[in-house]
Amino acid sequence: MIQPKTTRMSNVELWQQWKEHRDIEAKKQLIEYYLPLVEYVSNRMAIGLPKNVSKDDLTSNGVMGLIDAIEKFDHRRGLQFETYASWRIRGAMIDGLRQGDWVPRSVREKAKKIEEAYAHLEQQLLRSVTDAEVSAYLNVSEREFQQMLQEIAVTTVCSLEDPIREEESETRLSMLVDEKAKNPDYKVQEHFLKETLIKGIERLTEKERIVISLFYYEELSLSEIAEVMSLSPSRISQLHSKAILRLRGALDKQKKQLLEN
135 MIQPKTTRMS NVELWQQWKE HRDIEAKKQL IEYYLPLVEY VSNRMAIGLP
185 KNVSKDDLTS NGVMGLIDAI EKFDHRRGLQ FETYASWRIR GAMIDGLRQG
235 DWVPRSVREK AKKIEEAYAH LEQQLLRSVT DAEVSAYLNV SEREFQQMLQ
285 EIAVTTVCSL EDPIREEESE TRLSMLVDEK AKNPDYKVQE HFLKETLIKG
335 IERLTEKERI VISLFYYEEL SLSEIAEVMS LSPSRISQLH SKAILRLRGA
385 LDKQKKQLLE N
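The numbers in our numbering rise by one with no breaks, and the one at position 55 of the sequence shown is 189.
Following this line, the structure appears as structure tokens:
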């Protein structure tokens, strides 16, 4: 995926020098070594974002995320730094986007309404719901519903980074980070999170599952997925949005159940 630049010392030596001896030169080399991660993440984040979002701003925020990751990463635990750093970089980019108020409130409200519609209807019907059923629930035409999906496409890029609870900073993805010591509550939440995601993915349509698989597991861009599936990029964007909103609805439902128990 990423081919980091070569350095004078090995990767292990750099981590040892920085973490154990606070060698600033080793830290600088680690930053340079992993800079391609920032470019990689920013390229993926840029997909579907409005034209007014600067790629340079994404990159700058991503570099800050990389530095934060290098500061906090514990190399002795044998974890994959690239995975840890990627989430830190994404988080920094998303924080920058939020500070810039890049998504109008009206668009976020539409996304929330569709998310709630999926959660309510699928809980009631115990199956994947159609566009017609969601449109009827929202009291809009199917054409208007498709337009709404197009408008909110940018909000689904970072949906899994949203806080689990509005008043807290912990995100859904943070629950997937390996910790040295996990308490029983954490393990229970992690178990239910995985079960909820599995069930949520099972309820997606075949095309939605393919889009999620190609985007998040095969790491293809939306335009590349469009070529693979012989669909337009806008259609792929809609499928991605619907899939994410379905999963968000399932996660929110699980969150409420956990809070009640």
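We put the beta carbon where it would ideally sit given N, CA and C, even for glycine.
Every value quoted in this text rests on a predicted model; they were computed, and no experiment measured them.
Can you tell me whether residue i is buried or exposed, with buried defined as 16 or more other CB within 10 angstroms of its CB?
| i | result |
| --- | --- |
| Tyr-252 | buried |
| Arg-369 | buried |
| Leu-385 | buried |
| Gln-163 | buried |
| Leu-356 | buried |
| Leu-148 | buried |
| Lys-314 | Unreliable placement is indicated for Lys-314, whose pLDDT of 46 sits below 50; no coordinate value is reported for it. |
Measure the C-alpha to C-alpha separation of residue i and residue j and round it to an integer number of angstroms.
| i | j | result |
| --- | --- | --- |
| Val-268 | Ile-346 | 20 angstroms |
| Met-179 | Phe-215 | 19 angstroms |
| Leu-101 | Val-175 | Given a span of 135 to 395 for the chain in the structure shown, any question on residue 101 remains unanswerable. |
| Pro-367 | Ser-375 | 12 angstroms |
| Lys-161 | Glu-285 | 42 angstroms |
| Val-146 | Thr-217 | 17 angstroms |
| Asp-265 | Glu-329 | 25 angstroms |
| Asp-229 | Ser-371 | 22 angstroms |
| Ile-201 | Gln-233 | 19 angstroms |
| Asp-208 | Glu-352 | 28 angstroms |
| Leu-169 | Ala-219 | 10 angstroms |
| Ser-144 | Leu-213 | 17 angstroms |
| Glu-361 | Tyr-167 | 33 angstroms |
| Leu-231 | Arg-210 | 33 angstroms |
| Lys-206 | Gly-199 | 11 angstroms |
| Lys-341 | Glu-154 | 49 angstroms |
| Lys-189 | Val-241 | 22 angstroms |
| Arg-239 | Arg-156 | 44 angstroms |
| Gln-280 | Leu-365 | 15 angstroms |
| Tyr-350 | Met-363 | 16 angstroms |
| Leu-294 | Lys-333 | Note that Leu-294 scores 47 on pLDDT, short of 50, meaning its location in the model is unreliable; the coordinates nonetheless yield the value given after this. Straight-line Cα distance between these residues: approximately 16 angstroms. |
| Asn-177 | Val-187 | 12 angstroms |
Near residue i, which residues of its chain fall below 6 angstroms by C-beta distance, leaving aside the five closest residues on each side in sequence?
| i | result |
| --- | --- |
| Leu-348 | Leu-354 and Ile-359 |
| Asn-282 | The amino acid at residue 282 is misidentified as Asn; the sequence shows Met. If we look at Met-282 and ignore the five residues flanking it on each side, its Cβ neighbours are Lys-244. |
| Met-401 | With the chain running from 135 to 395 in the structure shown, residue 401 is simply not present. |
| Leu-259 | none |
| Asn-273 | none |
With a CB to CB cut of under 7 angstroms and the five nearest residues on each side skipped, what residues in its chain are close to residue i?
| i | result |
| --- | --- |
| Val-197 | Val-172 |
| Leu-255 | Val-263, Glu-267, Val-268 and Tyr-271 |
| Trp-152 | Ala-160, Lys-161 and Leu-164 |
| Ser-308 | No answer about Ser-308 holds up, because its pLDDT of 47 lies below 50 and its placement is not dependable. |
| Gln-150 | none |
| Ala-377 | Leu-338, Glu-342, Val-345 and Ile-346 |
| Ile-158 | none |
Kindly list the residues whose CB is nearer than 8 angstroms to the CB of residue i, restricted to its own chain and excluding five residues on each side of it in sequence; keep chain order.
| i | result |
| --- | --- |
| Ile-335 | Arg-343, Ile-346 and Leu-381 |
| Ser-275 | Ser-269 |
| Glu-301 | Summary for Glu-301: the model assigns pLDDT 39, below 50, so the residue's position carries little reliability; its value from the coordinates is reported in the next sentence. Cβ neighbours of Glu-301 beyond the five flanking positions: none. |
| Glu-278 | Ser-269 |
| Ala-287 | Gly-182, Ser-371, Gln-372, His-374 and Ser-375 |
| Arg-261 | Arg-337 |
Please state whether the Cβ-Cβ distance between residue i and residue j is less than 8 angstroms.
| i | j | result |
| --- | --- | --- |
| Gly-383 | Glu-243 | no |
| Ala-203 | Arg-224 | no |
| Ile-248 | Leu-379 | yes |
Looking at residue i and the ligand COA, is the gap between the Cβ and the nearest heavy atom below 7 angstroms?
| i | result |
| --- | --- |
| Arg-211 | With respect to the ligand COA, the structure offers nothing, as it holds no ligand at all. |
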